[in-house]
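Numbering (the UniProt record's numbering), first residue to last: 1 to 358.
The structure under discussion appears below in the form of structure tokens.
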């Protein structure tokens, strides 16, 4: 086998991965629990930092949908408005088995929305809460956060350590794993990504970039798992690229001092992992050494992402729970919290309950 063939051969990846939980060291594995038995058990509201201006060629709709993915809602809105799905905008993708609130936009230059649009959408499980015009299409990733309200049932509700587990997450933060939905049932998105990257990624085979995303997410989770395993996931390493909580601001630390470590303890700063792609890493020292080891473990995935031309980026290793609450009921427990865009509620749940999908 030539050197080129060796680089292109897919990396061996066992599935499912055994990415460690943060709380196991102090509390042991979490008890069994159930979540999302019905869509009403998993409620998500998208949070924007701005509102539509009230005029323009794009009609923005604030909708609540039940048991529908964002892609399904986009297709339905496009069909009813007789436009291409490309003319419908959204900020974030939302799960299907859930009740979710988010904004959608549809480009209707010089014309009004079809008569009875809200009623037609309601018949398909999409309730229009508000509408307004705006000059521009709603772009991906512009929302600031998602607000979750989740119902848990099963043995975990009676677990005497549950409140202590929750308090630890509120105090210390949550390991920012990509959720299992990113990888598809039985990891099939990742397996497909390996094949695409091995033969050379082409956009026509992955128009939405989901396979690229699955590969980068897996590599990030592997970095985070190593940091959870050695207890450094919530600390700052020499050469770490720190991310300021709630922002995209980041900077490289040569040697963390007492002040920076105190800020990390307050959840003001988080260490980061690389989302693999083209471009030199700004990490240094021990942090850069860890990235090099990742490339040595998964050369085909890393090389394939670079050949695909995706740009290197970074993601915080830790999440702060915004406005966290825990409320007990009869045989049930409700959690409410906010997470920044791109974060997964399943990363929180897997620390509290054991479930086959977590």
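All C-beta atoms in this analysis are idealised placements derived from N, C-alpha and C, irrespective of residue type, glycine included.
Bounding residues of the beta strand (DSSP E) (the contiguous stretch that carries residue i)
i, result
"residue 130", "126-134"
"residue 337", "332-340"
"residue 22", "No beta strand (DSSP E) contains residue 22, which DSSP labels as neither H nor E."
"residue 282", "Element bounds for residue 282: n/a, residue is neither H nor E."
"residue 252", "250-252"
"residue 64", "58-66"
"residue 105", "99-107"
"residue 324", "322-329"
"residue 45", "42-47"
Pairwise C-alpha distance: residue j and residue i
i, j, result
"residue 5", "residue 176", "Low local confidence applies: a pLDDT of 39 at residue 5 is under 50, so the model's placement there is unreliable, with the coordinate-based value given in what follows. Approximately 34 Å, taken between the alpha carbons."
"residue 78", "residue 249", "36 Å"
"residue 101", "residue 301", "35 Å"
"residue 347", "residue 87", "33 Å"
"residue 104", "residue 75", "11 Å"
"residue 129", "residue 63", "5 Å"
"residue 183", "residue 58", "33 Å"
"residue 55", "residue 61", "13 Å"
"residue 194", "residue 342", "23 Å"
"residue 211", "residue 198", "12 Å"
"residue 7", "residue 192", "Unreliable placement is indicated for residue 7, whose pLDDT of 43 sits below 50; the coordinate value is still reported in the next sentence. Computed Cα separation, rounded: 17 Å."
"residue 263", "residue 321", "16 Å"
"residue 180", "residue 40", "20 Å"
"residue 113", "residue 308", "40 Å"
"residue 354", "residue 21", "11 Å"
"residue 269", "residue 159", "32 Å"
"residue 237", "residue 171", "20 Å"
"residue 247", "residue 318", "13 Å"
"residue 107", "residue 116", "17 Å"
"residue 15", "residue 111", "51 Å"
Per-residue burial, residue i [other beta carbons within 10 Å of its own, 16 or more giving buried]
i, result
"residue 356", "exposed"
"residue 220", "buried"
"residue 310", "buried"
"residue 376", "Absent from the structure is residue 376, since the part of the chain shown begins at 1 and ends at 358."
"residue 290", "buried"
"residue 84", "exposed"
"residue 91", "buried"
Expected contact under 8 Å - CB spacing of residue i and residue j to nearest Å
i, j, result
"residue 47", "residue 143", "6 Å"
"residue 261", "residue 253", "Actually they are not in contact, since the Cβ atoms of residue 261 and residue 253 sit about 10 Å apart, beyond 8 Å."
"residue 337", "residue 324", "4 Å"
"residue 132", "residue 52", "4 Å"
"residue 339", "residue 349", "About 12 Å; that fails the 8 Å criterion."
Start-to-end residues for the alpha helix (DSSP H) that takes in residue i
i, result
"residue 229", "210-230"
"residue 314", "From DSSP, residue 314 is part of no alpha helix (DSSP H) but of the beta strand (DSSP E) over 313-316."
Pair every Cβ in the region 31-51 with every Cβ in the region 144-164, then say whether three or more of these pairs are closer than 8 Å. yes
Sufficient close CB pairs (3 or more, under 8 Å) joining the region 125-145 to the region 56-68: yes
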